[in-house]
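Participant:
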Amino acid sequence: MMHPLLTPADIDTFRRDGVVLVRGLFRDHVERLRAGIAENMAQPGPYASENRRDGETGRFFDDYCNWSRIAAFRQVIADSPAAAVAAELMGSDRVQLFHDHVLVKEPGTSMATPWHQDSPYYFVQGRQTVSFWAPLDPVREATLRCVAGSHRWEKEVLPTRWASEQAFFPDAEEYMPVPDPEAGGMRILEYEMEPGDAVAFDFRILHGARGNRSAARRRAFSLRLVGDDARYVERPGPTSPPFPGHGMQPGDRLREDWFPILFRRDAASTC
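Counting in the numbering used here, the sequence shown runs from 971 upward without gaps.
(1) Secondary structure at S1239, three-state DSSP: helix, strand or coil?
(2) Can you tell which of I1007, R1023 and P1051 has the C-alpha that lies nearest to the C-alpha of L976?
(3) Which of the three DSSP states is assigned to L1003 in this structure?
(4) Considering only residues of the segment 1006–1045, which uninterrupted beta strand (DSSP E) runs meet the minimum length of 3 residues and lie entirely inside it, listed in chain order?
(5) Keeping to the same chain, check which residues put their C-beta closer than 8 Å to that of R1039; ignore five residues upstream and five downstream.
(6) Below 8 Å between beta carbons: does that hold for L1073 and P1165?
(7) Measure the alpha-carbon distance for Y1202 versus A1185 and round it to whole angstroms.
(8) The beta strand (DSSP E) spanning T1079 covers which residue range?
(9) Where does S1101 sit, in a helix, a strand or coil, going by DSSP?
(10) What's the C-alpha gap between M1218 and L1224?
(11) Write down the C-beta distance between M1146 and V1117 rounded to the nearest angstrom, noting that I regard them as a contact closer than 8 Å.
Spelled out as structure tokens, the structure:
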């Protein structure tokens, strides 16, 4: 049986466009995620960033890989239907946690999230990937923006550092420059969302977000998951997240003691 939060059309849309809106995915976990974000911001982890360029206003905070130390994130990952929904979208028999990511734009934040694909930053490769981006506040202008079909591009987009716009991999010819989707007339998908809704998108989807010029906060929780075909891959430079000391070799599945299995189809009573 298909998960009740999805329809066959949703799965078709995800496979075709690389992105689909899942209403209410974290509906029952909004307050817990808000508490987790508050704890995260009060006690940032080693990868936390205050993203600001000269002349920008407001505060754009992000941090990732905190599920193991913040109980609220751990509980939501375990108790929410995210892994089961991911299995359906990816067509995968198992779902493995890659990492979590918190992104907060305070009122009056002018800096946009630059256009980027997640996949080139990561040391994981495969076609069965999904990221859930879930706002914990109503969003209109500061919502996620995704370029439909960009998961099928022949070349991935060169990863850059958000504030400095410095390339992660200088002189890496296998990557394409960051495009301008609006100037290029690309099909950009964006959604008005309520707390607990989630955009599901393939790691290879080009995406970004405007600044938050409203009078309200825009807190978002992202969860990155991988499926059966995900394998460790080496990049021509540092990856983000780095996960130092992982010990994996190219072609390995992600080690389960660091990246736990969240869902197995043969072990699930419902799917």
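Beta carbons are placed, not taken as given, at the ideal position from N, Cα and C, and that holds for glycine.
Facilitator: In short:
(1) For the purposes of this step, residue 1239 is taken as residue 269 along the sequence shown, with counting starting at 1. Residue confidence is low: S1239 scores 38 on pLDDT, short of 50, so the model does not pin down where it sits. No coordinate-derived value is stated.
(2) Mapped onto the sequence shown, residue 976 falls at position 6. When only C-alpha atoms are compared, the closest one is P1051.
(3) Within the sequence shown, residue 1003 is the residue found at index 33, counting from 1. In the structure shown, L1003 sits in a helix (DSSP, three-state: H, G or I).
(4) 1030–1034
(5) As a working note, residue 1039 is residue 69 in the sequence shown. Taken in chain order, the residues that qualify are G1015.
(6) Position 103 of the sequence shown, counting from 1, holds the residue named residue 1073. Position 195 of the sequence shown, counting from 1, holds the residue named residue 1165. In this structure, P1165 does not lie closer than 8 Å to L1073 by Cβ.
(7) By one-based count along the sequence shown, residue 1202 stands at place 232. By one-based count along the sequence shown, residue 1185 stands at place 215. Taking the straight line from one Cα to the other gives about 42 Å.
(8) As a first step, residue 1079 must be located in the sequence shown, where it is residue number 109. It is not in any beta strand (DSSP E) - T1079 carries neither H nor E in the DSSP assignment.
(9) Here the question's residue 1101 lines up with position 131 in the sequence shown. Note: S1101 maps to strand in three-state DSSP.
(10) Start at 1 with the first residue of the sequence shown, and residue 1218 comes out as number 248. Start at 1 with the first residue of the sequence shown, and residue 1224 comes out as number 254. Rounded to whole angstroms, M1218 to L1224 spans 7 Å at the Cα level.
(11) The residue given as residue 1146 occupies position 176 in the sequence shown. The residue given as residue 1117 occupies position 147 in the sequence shown. That belief does not hold up - the Cβ atoms of M1146 and V1117 are roughly 13 Å apart, past 8 Å.
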